[in-house]
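First the structure, in the form of structure tokens, and then the observations on it.
Residue numbers (our numbering): 129 to 700.
Take a look at the structure:
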């Protein structure tokens, strides 16, 4: 990984002072809010309180919500079969679980189709549409997919199904042949917040249906109990944790911790999770839910989240936990192979992109490995798993800050069978014989859209602190900022001129330090930093996030290192 540039966020004294005066918050909390562009007292109050009743906008702001909700209500009342077509990632899984659970609460048993990653491929497919029609579906609701499925949605219409699209991916600009489209990223969607994930859109559809049912006096379920499922998809899909998403996740984390769903309880048990945070969702719960869709069938993950059978939930959770362990083994093998390919590339130092392909890679894991390569080399990266039987490769890409991966793929469309995704993550399909041509075109696309300085990774620093500033009031301020995620990152602080009083390697490659600064000592842990050259007695500059460390029934402050270097080597 190239040395990181440390970028201290410039001060904005006027809005900081206004927040202190209007809300009575500490100067540091005001600074952290302003750093996140929360600059008015009204916005800051909403950000800090995040009340469900006050800060969730009406689902009827979606242009097509009325049509969508009324069609679902009509289907439920007429006992028409509703089909749910969900994506195989955690967003699609949790969004599908929301609708399955909601419809069951209304006395309606839907049919479900989650595509198999290896057999069916990505997105809405013609065989999947036909499968729902054959099971008698008259309404097809897509979850986290369908936004560009013109041909497949037209087929659904031909087969007698009204399609309701719940998606949040890039759109083609051409109207879809659907009964209703709920996609906040559409310019004319009507919904003012574009950051919802697929599960968030599915939740809003449930809200819209619930509103219509309440108008007719029907009994309706309490959708606050569904916030655990919304939160799984929102965190796993790495959408901005601001506005609606912040409200949903803040309350959803509490719902996850207290959940009575047998599947959530079993999932937390195999994951070793009690109190749920954004970190435990992203690194422990979500990977296990994803494991089914990566290596086999994601339908079991939906079943886990929707079953009321405790024994079945425990069985499914154990299966997914085992598959997650298998996924980790495969991931390490592919990562080592990919690193070897990169290191063997003669002109790699001059290249701005990484495109690698292999017939030995599992397509369900290459996206994770692409992320690891971006962390290591800081270049837009695409890995392609080639199927020898079909001659088709399925690729998964990850980007760097400031580079639109989806747009760059569009510049290479002449050699692709298909592609889709976002600025930071995208997928593609390609014929094996076109991979070399694609690598050249993609390198050209990256060069045309980047500057050399973009290839130095940056860490944004919120403030420079003395160790004397790190106390319980600071931790209380940080608690008020949670939940953290994209758009509201966990604060990172800098301290310069600390002394390494002691150094110890723990585990396989973690670094534990005891540091002294300004007359105070604090312990620090650096995960994966055992190779850092910071000997005892050295003067260092460090980036960190303070945290509460619980051990043997005691709680103490410690620093989770983000970066550390000898003082003479620091910049930024």
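Using N, Cα and C, we set each Cβ at its ideal position, and we do this for glycine too.
Distance check for residue j and residue i, CA to CA, integer angstroms please.
i, j, result
"residue 169", "residue 535", "37 Å"
"residue 288", "residue 254", "14 Å"
"residue 312", "residue 191", "10 Å"
"residue 466", "residue 245", "22 Å"
"residue 588", "residue 563", "36 Å"
"residue 199", "residue 511", "41 Å"
"residue 445", "residue 378", "25 Å"
"residue 166", "residue 172", "6 Å"
"residue 631", "residue 637", "13 Å"
"residue 455", "residue 413", "14 Å"
"residue 398", "residue 449", "7 Å"
"residue 267", "residue 250", "21 Å"
"residue 410", "residue 613", "10 Å"
"residue 609", "residue 639", "28 Å"
"residue 657", "residue 158", "32 Å"
"residue 643", "residue 663", "11 Å"
"residue 344", "residue 452", "45 Å"
"residue 490", "residue 503", "20 Å"
"residue 374", "residue 326", "15 Å"
"residue 573", "residue 653", "40 Å"
"residue 307", "residue 483", "39 Å"
"residue 463", "residue 438", "37 Å"
"residue 547", "residue 594", "49 Å"
"residue 182", "residue 380", "16 Å"
What are the boundary residues of the beta strand (DSSP E) that includes residue i?
i, result
"residue 547", "546-549"
"residue 213", "209-214"
"residue 639", "638-645"
"residue 242", "Counting along the chain, residue 242 falls outside any beta strand (DSSP E), and DSSP gives it neither H nor E."
"residue 687", "682-694"
"residue 509", "509-514"
"residue 524", "520-526"
"residue 225", "From DSSP, residue 225 is part of no beta strand (DSSP E) but of the alpha helix (DSSP H) over 218-233."
Could you give the first and the last residue of the continuous alpha helix (DSSP H) run that contains residue i?
i, result
"residue 707", "No statement about residue 707 is possible, as the shown extent of the chain runs from 129 to 700 and does not include it."
"residue 443", "438-471"
"residue 482", "Segment 482-486 is the beta strand (DSSP E) holding residue 482; no alpha helix (DSSP H) there."
"residue 314", "Note, residue 314: premise wrong, no alpha helix (DSSP H); not H, not E."
"residue 537", "533-538"
"residue 193", "193-205"
"residue 150", "141-151"
"residue 419", "414-423"
"residue 498", "494-505"
State buried or exposed for residue i, treating a residue as buried only when at least 16 other CB atoms are found within 10 Å of its CB.
i, result
"residue 156", "buried"
"residue 607", "exposed"
"residue 659", "exposed"
"residue 646", "exposed"
"residue 689", "buried"
"residue 686", "buried"
"residue 418", "buried"
"residue 508", "buried"
"residue 261", "buried"
"residue 215", "buried"
"residue 295", "buried"
"residue 428", "buried"
"residue 524", "buried"
"residue 135", "exposed"
"residue 603", "exposed"
"residue 605", "buried"
"residue 204", "buried"
"residue 180", "exposed"
"residue 515", "exposed"
"residue 600", "exposed"
"residue 633", "exposed"
"residue 396", "buried"
Return the chain-ordered ranges of every beta strand (DSSP E) run that is complete within the region 559-624 and spans a minimum of 3 residues. For the region 559-624, whole beta strand (DSSP E) runs of length 3 or above, ordered along the chain, are 586-589.
Using 8 Å as the threshold, is the region 379-386 in touch with the region 232-247, meaning 3 or more CB pairs across them? Taking 8 Å as the limit for Cβ pairs, the verdict is that the region 232-247 does not touch the region 379-386.
Should the region 349-361 be regarded as contacting the region 191-211, the criterion being three or more beta carbon pairs within less than 8 Å? No, they do not touch.
What ranges does the beta strand (DSSP E) occupy inside the region 297-354, keeping only unbroken runs of at least 3 residues that lie completely in it? Within the region 297-354, the complete beta strand (DSSP E) runs of at least 3 residues are 308-310.
Of all the beta strand (DSSP E) runs that stay within the bounds of the region 242-296, which reach a length of 3 or more residues? DSSP runs (the beta strand (DSSP E)) wholly in the region 242-296: 265-271, 290-294.
Does the structure place the region 272-284 close enough to the region 158-168 that three or more beta carbon pairs sit under 8 Å? Cβ pair count under 8 Å is below three, so no.
Taking one C-beta from the region 543-558 and one from the region 576-591 each time, how about it: are there three or more such pairs within less than 8 Å? At 8 Å Cβ cutoff, the stretches do not touch.
If you pair each beta-carbon of the region 609-629 with each one of the region 666-679, do three or more pairs fall below 8 Å? Put simply, the region 609-629 touches the region 666-679. At least three CB pairs are less than 8 Å apart.
Is it the case that the region 216-227 contacts the region 320-333, given that we only count it when at least three CB pairs across the two stretches are under 8 Å? Yes: at least three Cβ pairs fall under 8 Å.
Counting Cβ pairs closer than 8 Å, one from the region 354-361 and one from the region 404-414, do we hit at least three? The region 354-361 is in contact with the region 404-414.
Stretch pair the region 493-501 + the region 515-532: three plus CB contacts closer than 8 Å: Cβ pair count under 8 Å is three or more, so yes.
Any contact of the region 622-636 with the region 661-668, i.e. 3+ C-beta pairs under 8 Å? Output reads yes: the region 661-668 touches the region 622-636.
Minimum length 4: unbroken alpha helix (DSSP H) runs contained in the region 156-198: Qualifying alpha helix (DSSP H) stretches, in chain order: 169-177, 180-183.
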